[in-house]
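Chemist: Going by the numbering used here, the residue at position 8 of the sequence shown is 183; the numbering climbs one at a time, nothing skipped. Glycine residues also receive a C-beta, built at the ideal position from the N, C-alpha and C atoms. From a predicted model like this one, the values you see are computed outputs, not experimental measurements.
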Amino acid sequence: MSFGIAETDEGLVWDPDGPLLISGDGHALQDAVALSRTLVADALASLSEFLAPQFGDSLCFTLHPHDS
């Protein structure tokens, strides 16, 4: 999962909408995901305050399946 950046009146922030999702086989998933007004958006806002992104940055991390 990779988040881009958005430009706001307050500066650059990590954008919670439209992250790039890549499946386990390396293919990009086409369905856009909007994560505004979620805990993910809150975490990205906090991260933006701590370490604001610069143009050209991306925030990437891997999600692992959870066994229930």
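1. Going by beta-carbon coordinates alone, are Asp192 and Leu214 separated by less than 8 Å?
2. Around the C-beta of Pro240, are 16 or more other C-beta atoms found within 10 angstroms, so that it is buried, or is it exposed?
3. For Leu222, list the residues DSSP reports as bridge partners.
4. Just checking, does the stretch 192 to 208 make contact with the stretch 218 to 231 on the three C-beta pairs under 8 Å criterion?
5. Under DSSP, the beta strand (DSSP E) around Leu195 begins and ends at which residues?
6. Tell me whether Asp190 is buried or exposed, calling it buried when 16 or more other Cβ atoms sit within 10 Å of its Cβ.
Modeler: Checking against the coordinates, here is how it stands:
1. At a Cβ-Cβ threshold of 8 Å, Asp192 and Leu214 do not count as neighbours.
2. Pro240 should be labelled exposed.
3. Beta-bridge pairing by DSSP links Leu222 to no other residue.
4. Output reads no: the stretch 218 to 231 does not touch the stretch 192 to 208.
5. Unbroken run through Leu195: none, as it is neither H nor E.
6. By the C-beta density criterion, Asp190 is buried, having at least 16 other C-beta atoms within 10 angstroms.
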